[in-house]
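Residue numbers (our numbering), protein chains in the order written: chain A, 13 to 132; chain B, 13 to 132.
Number of protein chains: 2
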Amino acid sequence: MDLVRIYECLCDRTRLRILNVLGQGPLCVCHFQEILDEPQVKISKHLAYLKARGLVSVRREGSWMVYRLPAKASRELRANLACLQDCAAEDPVFRRDAARMRKVRARLPGENCPCEVRTC
Amino acid sequence: MDLVRIYECLCDRTRLRILNVLGQGPLCVCHFQEILDEPQVKISKHLAYLKARGLVSVRREGSWMVYRLPAKASRELRANLACLQDCAAEDPVFRRDAARMRKVRARLPGENCPCEVRTC
DNA sequence: AAAACATATTCCGCAATAGGAATATCGTAT
DNA sequence: ATACGATATTCCTATTGCGGAATATGTTTT
């Protein structure tokens, strides 16, 4: 995987926020909207951008689309995602997103949303 | 320093090559031209881009401009530069650049070029 | 002062990207 | 079949970035 392609994905704040929360686990679009508090079109387009470059993978689950980090990421991608997680730990917005993500994940079992149903 | 700003600097191959060789030490523009084998205007503009965002610092030395990595970089910048060095170790072009950089540095004492004269 | 050298900047055209509004698509429920 | 929910895509505009040619600026040498 090309390094430049990876960095292109990382040079937008919304995409950084998406990748940051994905570090905790898979998520569907409606929960991204809730956690990042951004309009659907914005989330959806950035997810499409990341998907086109292999930074996330998708699986359809009913009418939901569940996004996750790729199962087997390249060395470069893993290194940079780790670096991002590290840097994000100091930023208020990233921390708030991560906290919201934890809350969403905590209540997921009670919903019929399939975000955590499968891991394939 | 803003993470997005850093990633914006990293999403161009020429700038990655510049930052990669700068990991070995300061360098003036004419040596960048030699090592990267790219036209002067291209090198110069990318250096201006990096300087405007604080990823490099400059010092005039006669008619030369000596560029270097900033003395006290932020945590995010240091982390990402380290990550870059790590990833670059596997890419043929980055490796070739690094090898050329070593050769240039080895012969620097015999030239009147000021790349290594001072470290301030 | 003029020439030579090192580097920066301007001007141009082009491609990529972001954001939002509106609309389309696809799956599910009634 | 229809309506609804979740998500994707299209159309638009504005901004940014890249590359190269030409030119400008600043410094040293003659």
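The beta carbon of each residue, even a glycine, is placed where N, CA and C say it ideally should be. Keep in mind that this is a model prediction, so the values were computed, not measured.
key: Beta carbon proximity, B/C42 to chain A, threshold 8 Å   = no
For A/L39, the three-state DSSP class (helix, strand or coil) = strand
request  = Run the CB neighbour count on B/D49, radius 10 Å, all protein chains shown included, and call it buried at 16 or more, exposed below.
outcome  = exposed
request  = Grab the span of the beta strand (DSSP E) containing B/E73 for me, first residue to last.
outcome  = 69-73
query = Just the Cα atoms here: how many angstroms apart are A/A62 and B/G35?
reply = The identity of residue 62 of chain A in the sequence shown is Leu, whereas the question assumes Ala. C-alpha separation (whole angstroms): 29 Å.
message = Below 8 Å on the Cβ atoms is my contact criterion, and I expect B/I55 with B/V41 to pass it. Report the Cβ-Cβ distance as a whole number of Å.
response = 6 Å
key: As assigned by DSSP and simplified to three states, the class of B/R65   = coil
Inter-residue spacing [alpha-carbon to alpha-carbon] between B/E46 and A/Y19 = 26 Å
request  = Please work out which residues of its chain come closer than 6 Å, Cβ to Cβ, to B/P82, disregarding the five sequence neighbours upstream and downstream, and give them in chain order.
outcome  = S69
key: Same chain, Cβ closer than 7 Å to B/C132, five either side skipped, listed in chain order   = Per-residue confidence for B/C132 stands at a pLDDT of 30, beneath the threshold of 50, marking its modelled position as unreliable; the derived number appears in the next sentence. Cβ neighbours of B/C132 beyond the five flanking positions: none.
Exposure of A/A110, with buried meaning 16 or more beta-carbon neighbours within 10 Å = buried
ask   = What number of angstroms, rounded off, separates the C-alpha of A/G37 from the C-alpha of B/V105?
value = 35 Å
Within chain B, the residues that A/A91 reaches when beta carbons sit closer than 7 Å = C95, D98, C99
inquiry  = Less than 8 Å between the C-beta atoms of B/L89 and A/L28, yes or no?
reply    = no
Chain B contact for A/R25 (CB, 8 Å cutoff) = yes
inquiry  = Using 8 Å for Cβ pairs, my map puts A/L96 next to A/L22. What's the rounded Cβ distance?
reply    = 7 Å
ask   = chain A partners of B/E88, CB-CB under 7 Å?
value = C99
query = Do you know offhand how far A/A100's Cα is from A/R25's?
reply = 11 Å
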